[in-house]
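Student: Chains A and B supply the protein sequences, listed in that same order.
Per this note's numbering, residue 37 is the first one in the first sequence, and the count goes up by one each step.
Per this note's numbering, residue 5 is the first one in the second sequence, and the count goes up by one each step.
Pasting a structure here, questions to come.
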Amino acid sequence: MPALWIQKARVIDPANRRDAVGDLFIDDGRLVASLSVAARKRARKIDACGLVACPGLVDIHVHFREPGQTHKETIATGSRAAAAGGFTTVVCMPNTSPPADNAGTIQFIKDAAQRDAVVKVLPTGCITVGMKGQALAPIGSLRRAGVVAITDDGDCVQSNELMRRALEYARMFDLPVMDHCQDASMTQGAVMNEGVMSTRLGLRGWPNAAEDLIVSRNAILSEYSGAHVHMQHISSRFSVEILRHAKSRGVRVTAEATPHHLALTDDLLTSYDTHLKMNPPLRTEADRQALIAGLRDGTIDCIATDHAPHTDYEKDKEFDFAPNGILGLETALPVSLEVLVRKNRFSLARVIDLLTRRPADILRLPAGRLTPGAAADVCLFDPDERWRYDARAGQSKSSNSPWHGQTLRGRVRMTIVDGKVVHHVAPSP
Amino acid sequence: MPWTRRHLLTLEELSLAEIDQIHATAAAFKKILGRNVKKVPALRGKTIVNLFLEPSTRTRMAFDMAAKRLSADVISLDGASSSTTKGETLRDTAQNIQALNADLIVLRHAASGSPLYLSRILDIPVVNAGDGAHEHPTQGLLDTFTMREHLGDLRGRKVTILGDILFSRVARSNIHALTKMGAAVTLCGPSTLVPDWFTDLGVKVSHDLKSALADAEVVMLLRIQHERQSAGHFPSLGEYTSMFGLNKPRASWLHPKAIIMHPGPINRGVEIDSDLADGERSVILEQVTNGIAVRMAVLYLCFGGQPESVAVVD
Chain A
37 MPALWIQKAR VIDPANRRDA VGDLFIDDGR LVASLSVAAR KRARKIDACG LVACPGLVDI
97 HVHFREPGQT HKETIATGSR AAAAGGFTTV VCMPNTSPPA DNAGTIQFIK DAAQRDAVVK
157 VLPTGCITVG MKGQALAPIG SLRRAGVVAI TDDGDCVQSN ELMRRALEYA RMFDLPVMDH
217 CQDASMTQGA VMNEGVMSTR LGLRGWPNAA EDLIVSRNAI LSEYSGAHVH MQHISSRFSV
277 EILRHAKSRG VRVTAEATPH HLALTDDLLT SYDTHLKMNP PLRTEADRQA LIAGLRDGTI
337 DCIATDHAPH TDYEKDKEFD FAPNGILGLE TALPVSLEVL VRKNRFSLAR VIDLLTRRPA
397 DILRLPAGRL TPGAAADVCL FDPDERWRYD ARAGQSKSSN SPWHGQTLRG RVRMTIVDGK
457 VVHHVAPSP
Chain B
5 MPWTRRHLLT LEELSLAEID QIHATAAAFK KILGRNVKKV PALRGKTIVN LFLEPSTRTR
65 MAFDMAAKRL SADVISLDGA SSSTTKGETL RDTAQNIQAL NADLIVLRHA ASGSPLYLSR
125 ILDIPVVNAG DGAHEHPTQG LLDTFTMREH LGDLRGRKVT ILGDILFSRV ARSNIHALTK
185 MGAAVTLCGP STLVPDWFTD LGVKVSHDLK SALADAEVVM LLRIQHERQS AGHFPSLGEY
245 TSMFGLNKPR ASWLHPKAII MHPGPINRGV EIDSDLADGE RSVILEQVTN GIAVRMAVLY
305 LCFGGQPESV AVVD
């Protein structure tokens with residue numbers, strides 16, 4: 037592999053407090069401080085003038101559907117979608133068919149990732165057998181098999197007692213426990229946020245309280261057990277306050293927010309567009325503002341996409357019957373730039389931090405930094421380029437995105453994993 | 005202003021002028037219904053499919069009757085006999101119906117928003133005959149038509165809707181129509197079934213029956229469903245009746261000339277005393293009869309008819 041010399045980029049590396057125009061050097065798959073004169077001559081030179089060079093983005097919440105639902109996505113197509121979005125490390129949720137609740141399935145995922153993926157695809161395992169919330173999965177074996185966290189994503193563990201034991205047990209390995217916070221008894225048949233809009237549209241509501249209760253529970257059990265609990269896709273304003281309070285007490289909790297919860301609200305649902313149906317649902321403007329404030333003050337630690345592919349025919353249904361979830365990987369960066377940098381005056385470096393070092397640190401992944409010696413995972417993007425996002429032409433196998441057909445601002449131009457260019461697009465004219 | 009809509013999906017999206025047009029058209033058709041020969045050739049050669057994927061008696065029969073009075077051919081399909089029980093999607097079912105040369109679909113469906121969804125897929129008009137807890141526009145039209153017959157102009161008139169509002173498409177359609185007409189709408193019932201979010205639609209919410217009924221010129225009762233009890237929305241039908249059931253003493257709180265309405269089916273002795281349902285203030289069966297004229301008007305207009313041409317359709 038030739039050495040790479042990325043020239044005249046605006047290098048933003050929050051972990052190393054770097055934000056300056058300069059060069060990046062890559063040799064033998066690793067970032068290096070500089071290249072020898074001879075190596076510079078041989079190196080592939082990349083003119084990055086006008087582009088930002090940052091650590092490859094890290095998404096700790098994706099669904100790649102393999103094994104078992106490969107009509108929606110595969111590790112191959114999902115990883116290409118990740119690369120197209122600037123992501124170099126992604127963490128897969130275990131709600132595959134069968135669920136990733138045993139070492140064999142984890143090995144299958146790792147083998148597929150090794151064979152097919154163009155970015156780093158890391159598995160999580162289930163908290164409970166079959167994600168049924170009844171008996172603990174073999175968490176020690178899952179750990180040995182290489183999971184980076186455990187979660188019953190989508191099927192939040194309802195029993196407080198079982199969750200307590202799961203946390204105590206995971207604490208033994210210092211394995212993070214990720215939780216999709218939803219009190220299922222309060223959300224039977226729910227398809228959207230509960231409130232004025234659900235009342236108007238006659239759709240079953242999913243109240244904020246169902247999230248707030250579990251966020252509170254998890255904070256309490258985290259403090260009690262000493263385990264690290266990561267709250268997935270926080271959507272409710274009160275949950276942000278609960279997290280803020282828990283963190284001020286020193287409880288080991290972290291949290292993520294998705295680009296769609298940061299950008300969209302339930303007002304849009306008058307269209308009954310199933311590309312606006314996800315779990316947790318889009319909430320109100322007050323919730324959206326609270327999420328942004330939470331990201332600003334560090335209460336919410338990172339951005340994660342909850343990339344959830346579904347085929348057109350699965351989404352093309354009555355709103356009640358369509359599955360939850362939307363794509364996220366290929367639009368996360370431009371949407372985050374729009375909402376946070378342009379609309380809410382976050383610095384570019386801050387947003388990059390939320391997409392790189394912060395998520396990596398939550399799961400203690402060796403990613404998200406441009407430190408010499410680290411794996412050469414790099415994202416090059418044009419923060420201002422406008423481009424039309426065509427979900428059908430995207431890299432994901434599915435196209436269920438609310439941003440399909442829209443003009444977005446900020447475009448990933450190159451993604452490099454271990455020194456290898458895995459995604460590259462020419463600038464639009 | 006000519007009628008331009010092909011679909012009837014909600015009353016929320018209609019203007020007051022459009023509601024007036026439907027009512028005027030319905031009034032003309034109602035005259036025809038009073039004659040010996042109750043049929044006009046307006047929709048001769050047209051085929052209407054009543055796709056009822058949720059049970060219905062009144063609405064389905066009224067649509068059936070309305071179509072036949074307009075000389076259309078009607079085919080009715082219910083959930084049990086349609087391919088949806090074999091897993092066919094709504095899109096495929098509807099596209100097949102269109103491919104069979106149907107000219108209009110009347111849809112009753114448990115999922116809110118499904119008529120809007122179909123209207124985007126099909127080339128033929130879609131009429132909403134009730135979608136989930138969202139809207140039941142023809143019911144709202146026939147209810148307000150009946151109110152206007154008795155009260156005339158509804159501006160400033162107090163209309164109280166009482167019962168399970170949360171899950172009621174009838175309530176939502178009536179709310180949209182009545183607020184456009186300038187009526188003063190009060191919703192009443194247990195707080196679990198009448199959340200404050202409804203105030204966003206321009207109505208009052210009350211959990212005090214006496215003040216809700218006081219001087220109301222219309223009280224519309226909605227059926228209390230037993231299922232809501234098991235889901236914890238109220239403790240028992242007995243307690244509901246004791247707090248919110250309409251009986252003779254409570255009816256005396258109403259305006260002296262108030263009318264009592266109910267979209268049916270009625271639970272006698274639960275939301276309304278049997279005597280009141282059959283009493284002289286009850287217009288419950290008039291509502292049913294008006295349902296034919298209103299649905300004739302809707303079908304006629306969605307097929308491109310104009311309100312002023314009704315007089316000459318026969």
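For every residue, glycine included, the Cβ atom is placed at its ideal position computed from N, Cα and C.
Note that the structure is a prediction, hence the values are computed from the model and not measured.
8 Å is my cut-off, CB to CB: does T93 of chain B come that close to chain A?
Tutor: Judged by the 8 Å Cβ criterion, T93 of chain B is in contact with chain A.
Student: Identify the residues that DSSP records as bridge partners of N132 of chain B: which are they?
Tutor: B:L111
Student: Can you find the residues in the same chain that come closer than 8 Å, C-beta to C-beta, to V289 of chain A, ignoring five residues on each side of it along the sequence?
Tutor: Only residues of its own chain outside the window of five on either side were considered, and among them N254, A255, S258, H264, V265, H266, M267, L279, A282 and K283 have a CB closer than 8 Å to the CB of V289 of chain A, listed in chain order.
Student: For T196 of chain B and F238 of chain B, which I take to be in contact (beta-carbon distance under 8 Å), what is that distance rounded to the nearest angstrom?
Tutor: 6 Å
Student: Pick helix, strand or coil for M37 of chain A, following the three-state DSSP scheme.
Tutor: coil
Student: Helix, strand or coil: which one does DSSP assign to C217 of chain A?
Tutor: If DSSP states are grouped into helix, strand and coil, C217 of chain A belongs with coil.
Student: Contact check, L250 of chain B vs I288 of chain B under 8 Å by CB: the rounded distance?
Tutor: Between the beta-carbon of L250 of chain B and that of I288 of chain B there is about 12 Å, and that puts the pair past the 8 Å contact cut.
Student: Does the distance between the C-beta of S372 of chain A and the nearest non-hydrogen atom of the ligand MN fall short of 7 Å?
Tutor: In terms of ligand content, the structure shown is empty, and the ligand MN therefore cannot be addressed.
Student: Using a Cβ-Cβ cut-off of 8 Å, state whether G147 of chain B counts as contacting chain A.
Tutor: Residue identity differs from the one stated: residue 147 of chain B is Asp in this sequence, not Gly. By this cut-off, D147 of chain B is not an interface position.
Student: Taking the C-alpha atoms as reference points, what is the distance between T293 of chain B and L191 of chain B?
Tutor: Their backbone Cα atoms lie some 25 Å apart in a straight line.
Student: Hey, out of B:N105, B:L104, B:Q233 and B:R95, whose CA is closest to L111 of chain B's CA?
Tutor: Of the listed residues, the one whose Cα sits closest to L111 of chain B is B:R95.
Student: Quick check: the Cα distance between E231 of chain B and G136 of chain B, rounded to an integer number of angstroms?
Tutor: 15 Å
Student: Of all the options A:L363, A:A385, A:D63 and A:D95, which has the alpha carbon lying nearest to the alpha carbon of V47 of chain A?
Tutor: It is A:A385 whose Cα lies nearest to the Cα of V47 of chain A.
Student: Name, please, each residue of chain B whose Cβ falls closer than 7 Å to the Cβ of V232 of chain A.
Tutor: W201 and D204
Student: Does any CB atom of chain B fall closer than 8 Å to the CB of G238 of chain A?
Tutor: Interface flag for G238 of chain A against chain B is set, since a Cβ pair is found closer than 8 Å.
Student: Would you mind giving the Cβ-Cβ distance between P119 of chain B and N100 of chain B, rounded to the nearest angstrom? I have them listed as a contact below 8 Å.
Tutor: Wrong, their Cβ atoms sit about 17 Å apart, outside the cutoff.
Student: Can you have a look at E109 of chain A and say buried or exposed, based on whether 16 or more other CB atoms are within 10 angstroms of its CB?
Tutor: buried
Student: Starting from the Cα of P438 of chain A, find the closest Cα among A:R445, A:L406, A:I398 and A:H296 and give me that residue.
Tutor: Selected option, being the one with the closest Cα: A:H296.
Student: Taking 8 Å as the CB-CB limit, is H11 of chain B close to chain A?
Tutor: no
Student: List, in order along the chain, the chain A residues whose C-beta lies closer than 7 Å to that of A137 of chain B?
Tutor: Per Cβ cutoff of 7 Å: G238.
Student: Below 8 Å on the Cβ atoms is my contact criterion, and I expect L298 of chain A with L318 of chain A to pass it. Report the Cβ-Cβ distance as a whole number of Å.
Tutor: Not quite, the Cβ-Cβ distance comes to about 10 Å (not below 8 Å), so this is no contact.
Student: Any idea what DSSP makes of A31 of chain B, helix, strand or coil?
Tutor: helix
Student: Output, in chain order, the set of chain A residues within a Cβ distance shorter than 8 Å of H113 of chain B.
Tutor: E354
Student: Return the first residue and the last residue of the alpha helix (DSSP H) that H296 of chain A is part of.
Tutor: Its alpha helix (DSSP H) spans residues P295 to A299.
Student: Roughly how many angstroms lie between the CA atoms of A32 of chain B and R73 of chain B, to the nearest whole one?
Tutor: C-alpha separation (whole angstroms): 13 Å.
Student: Please classify S246 of chain B as buried or exposed, where buried requires at least 16 neighbouring CB atoms within 10 angstroms.
Tutor: exposed
Student: Would you mind reading off the limits of the alpha helix (DSSP H) that contains K261 of chain B?
Tutor: No alpha helix (DSSP H) contains K261 of chain B, which DSSP labels as neither H nor E.
Student: Looking at the structure shown, is E139 of chain B part of a helix, part of a strand, or coil, going by DSSP?
Tutor: The answer is strand: DSSP assigns E139 of chain B an E or B state.
Student: Determine the direct distance from the alpha carbon of T124 of chain A to that of V184 of chain A, and round the result to whole angstroms.
Tutor: Each residue's Cα considered, the two are about 16 Å apart.
Student: For S72 of chain A, count neighbouring Cβ atoms within 10 angstroms of its own Cβ and tell me buried if that reaches 16, exposed if not.
Tutor: For S72 of chain A, the number of other beta carbons within 10 angstroms of its own is below 16, and it is reported as exposed.
Student: Tell me, which residues are paired with D49 of chain A by DSSP?
Tutor: A:R54
Student: Taking any Cβ of chain B, which residues in the region 295–313 of chain A have a Cβ under 7 Å from it, in chain order?
Tutor: So the list reads Y308, given in the order they occur along the chain.
Student: Using the three-state DSSP reduction, which class does E350 of chain A fall into: helix, strand or coil?
Tutor: helix
Student: Does the pairing of the region 101–119 of chain A with the region 60–77 of chain A give three or more beta-carbon distances under 8 Å?
Tutor: no
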